[in-house]
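Mapping of the sequence shown onto full-length UniProt numbering: position 254 corresponds to residue 254, and the numbering continues sequentially without gaps.
Using N, Cα and C, we set each Cβ at its ideal position, and we do this for glycine too.
Predicted, not measured: the structure shown is a model, and the values here were computed from it.
All remarks here apply to the structure that follows.
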Amino acid sequence: MMGGLAAMTASGLGTSGCSGTSSGTNTVVVTGVVIRAETLTANRGCGTNPSQVFKYAAVVFGQGANGELDQPIVSNVYDCFTDVTFVNLPTPNGNANYRLEVFLYNADAANAFTGLGTVSASTNAAAQTALTSLQGSNPTWTTNCTATQISQVQTLAVCQPVIGGSAGLDGGTPPIALVTLDTNSFATDSGVATCVPATDAGADAGDAETDAEVDASADAEADAEAGTDASAPVNFTFDTVRVRPRIGTNVGASVDLACGTKYELPLANPAVVNLDVGLISNGVPVGQTTCTTQAVPGPDGGTSPAPTCPPVTPLP
Numbered sequence: 001m002m003g004g005l006a007a008m009t010a011s012g013l014g015t016s017g018c019s020g021t022s023s024g025t026n027t028v029v030v031t032g033v034v035i036r037a038e039t040l041t042a043n044r045g046c047g048t049n050p051s052q053v054f055k056y057a058a059v060v061f062g063q064g065a066n067g068e069l070d071q072p073i074v075s076n077v078y079d080c081f082t083d084v085t086f087v088n089l090p091t092p093n094g095n096a097n098y099r100l101e102v103f104l105y106n107a108d109a110a111n112a113f114t115g116l117g118t119v120s121a122s123t124n125a126a127a128q129t130a131l132t133s134l135q136g137s138n139p140t141w142t143t144n145c146t147a148t149q150i151s152q153v154q155t156l157a158v159c160q161p162v163i164g165g166s167a168g169l170d171g172g173t174p175p176i177a178l179v180t181l182d183t184n185s186f187a188t189d190s191g192v193a194t195c196v197p198a199t200d201a202g203a204d205a206g207d208a209e210t211d212a213e214v215d216a217s218a219d220a221e222a223d224a225e226a227g228t229d230a231s232a233p234v235n236f237t238f239d240t241v242r243v244r245p246r247i248g249t250n251v252g253a254s255v256d257l258a259c260g261t262k263y264e265l266p267l268a269n270p271a272v273v274n275l276d277v278g279l280i281s282n283g284v285p286v287g288q289t290t291c292t293t294q295a296v297p298g299p300d301g302g303t304s305p306a307p308t309c310p311p312v313t314p315l316p
């Protein structure tokens with residue numbers, strides 16, 4: 001009966017997901033294929049933050065008439081704390097080998113995917129419809145798994161790395177989120193800190209008038225780009241910007257940029273990104289702040305929102 005194909009949910013699995021056989025009267029033998037939740041949420045976590053897994057959907061493929069594992073036979077949707085579990089899978093053409101495609105979504109992507117609910121416990125033709133719906137969605141991550149079903153055993157599927165976007169299904173290049181930071185100027189509590197390139201400081205007196213015109217133009221442009229008040233007083237200047245990225249407990253390497261150079265950080269996964277920013281003038285630190293943004297990868301490699309920077313703290 002096809003009812004035996006229904007993917008078992010967390011409540012249906014309960015404590016009966018035991019592998020192998022036993023003579024004990026309280027042990028229930030389960031024949032099926034499992035992907036542990038921790039396999040899918042590793043290094044991401046389970047929750048509602050943009051960088052965390054919220055839900056995932058899985059489609060099982062059996063052997064088609066052409067001998068390939070390309071015939072969708074069942075699908076289901078799971079919360080991020082639930083193992084992907086399929087029991088008593090049919091054996092198309094007598095083959096008990098299977099391929100599973102897993103589509104993972106953060107909370108925003110899951111809520112935006114209105115067809116996610118129709119994927120639940122779909123079999124045969126409905127599984128093909130579910131697959132079409134999933135392929136037309138915008139998964140945050142994906143992966144491919146394989147497994148062989150063995151009678152009276154819960155077989156753990158072997159999965160490829162979980163990769164951003166749809167790249168995990170075909171080994172393609174994941175989409176990126178490009179975090180950028182403009183370094184022309186930064187707001188302070190009472191005005192603005194402005195970029196004055198180090199080469200300007202060494203200009204001779206004959207270039208002073210030209211430098212002043214260039215600096216004024218650059219300052220006005222920087223104020224416009226940074227959203228600062230063009231009439232705000234310049235509290236201090238800097239010629240170098242030191243940027244250090246942080247994502248959770250992971251701290252990246254610092255990089256020093258000539259002021260006015262745009263800082264760029266490409267990321268393959270959604271994340272809250274903190275940028276520790278130090279302003280330097282003639283080798284001496286003069287100010288610091290921490291900017292924050294949300295990295296959101298897109299299929300077109302879209303640019304993430306501009307980082308938000310609190311006022312720079314001047315250093316003595």
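Cut-off 8 Å between Cβ atoms - residues of its own chain near Gly202, not counting five sequence neighbours on either side: Because the pLDDT of Gly202 is 47, which lies under 50, any placement of that residue in the model is unreliable, and the question is left without a value.
Coarse secondary structure for Ala258, derived from DSSP in three states: In this structure, Ala258 counts as strand in the three-state DSSP scheme.
Where the beta strand (DSSP E) through Leu69 begins and ends: Taken as a continuous stretch (DSSP letters only), Leu69 belongs to no beta strand (DSSP E), as it is neither H nor E.
Other residues of its chain near Thr290: CB distance less than 8 Å, five sequence neighbours each side excluded: Shown here for Thr290: same chain residues with a beta carbon closer than 8 Å to its own, the five before and five after excluded, namely Asn274, Leu275, Asp276, Val277, Cys309, Pro310 in chain order.
Continuous beta strand (DSSP E) stretch holding Ser281: start and end: In this chain, the beta strand (DSSP E) harbouring Ser281 covers 271-281.
Pairwise C-alpha distance: Arg246 and Thr82: Using only the alpha carbons, I get a separation of about 30 Å.
Proximity winner among Val30, Cys46, Ala65, relative to Ala37 (alpha-carbon distances): Ranked by how close their Cα comes to the Cα of Ala37, the residues Val30, Cys46, Ala65 have Cys46 in first place.
Helix, strand or coil at Asp182 according to DSSP, with G and I counted as helix: Here Asp182 sits in coil by DSSP.
Cutoff 8 Å; reference Leu315; Cβ partners in own chain excluding five residues on either side: Excluding positions up to five away in sequence, the list reads Pro285, Val286, Gly287, Gln288.
Residue(s) in a DSSP beta bridge with Gln128: Per DSSP, none; premise fails for Gln128.
Chain-order list of residues whose beta-carbon lies under 7 Å from that of Arg44 (same chain, five-residue window excluded): Only residues of its own chain outside the window of five on either side were considered, and among them Ser51, Gln52, Val53 have a CB closer than 7 Å to the CB of Arg44, listed in chain order.
Bounding residues of the alpha helix (DSSP H) (the contiguous stretch that carries Gly168): Boundaries of the alpha helix (DSSP H) harbouring Gly168: 167-170, taken from the DSSP string.
Residues sharing a beta bridge with Glu101, DSSP: According to DSSP, which records beta bridges pairwise, Glu101 is partnered with Val59, Asn144.
Contacting residues, own chain, Cβ-Cβ under 6 Å from Val312 (five flanking each side not counted): If we look at Val312 and ignore the five residues flanking it on each side, its Cβ neighbours are Phe186, Thr188, Ala193, Gly287, Thr289.
8 Å Cβ shell around Lys262 - same chain, five flanking residues per side excluded: Thr180, Leu181, Asp182, Thr183.
Selected residue, minimal CA-CA separation from Gly252, among Arg244, Cys259, Thr41: Closest in C-alpha terms to Gly252, from the list Arg244, Cys259, Thr41, comes Arg244.
Gly79 versus Pro175: straight-line alpha-carbon distance, rounded: In the sequence as displayed, the identity of residue 79 is Asp instead of Gly. Here the alpha carbons of Pro175 and Asp79 stand approximately 24 Å from one another.
N- and C-terminal bounds of the alpha helix (DSSP H) containing Leu40: Where Leu40 is concerned, the enclosing alpha helix (DSSP H) stretches over 37-41.
Three-state secondary structure (DSSP) of Thr123: Note: Thr123 maps to strand in three-state DSSP.
Length of the line joining the Cα atoms of Val34 and Leu69: Just so you know, the alpha carbons of Val34 and Leu69 end up roughly 18 Å apart.
Backbone secondary structure at Ala212 - three-state DSSP: Note that Ala212 scores 42 on pLDDT, short of 50, meaning its location in the model is unreliable; the coordinates nonetheless yield the value given after this. Helix.
Within 7 Å, strictly: CB atoms of Ala58 and Val102: Yes, the Cβ-Cβ distance between Ala58 and Val102 is below 7 Å.
Euclidean distance between Cα positions of Gly260 and Asn144: Taking the straight line from one Cα to the other gives about 44 Å.
Ala96, enclosing alpha helix (DSSP H) - first and last residue: For Ala96, there is no enclosing alpha helix (DSSP H), since its DSSP letter is neither H nor E.
Proximity of Thr140 and Ala107 at Cβ, strictly below 7 Å: Taking a C-beta distance under 7 Å as the contact criterion, Thr140 and Ala107 do not qualify as a contact pair.
N- and C-terminal bounds of the beta strand (DSSP E) containing Asn138: From DSSP, Asn138 is part of no beta strand (DSSP E); its letter is neither H nor E.
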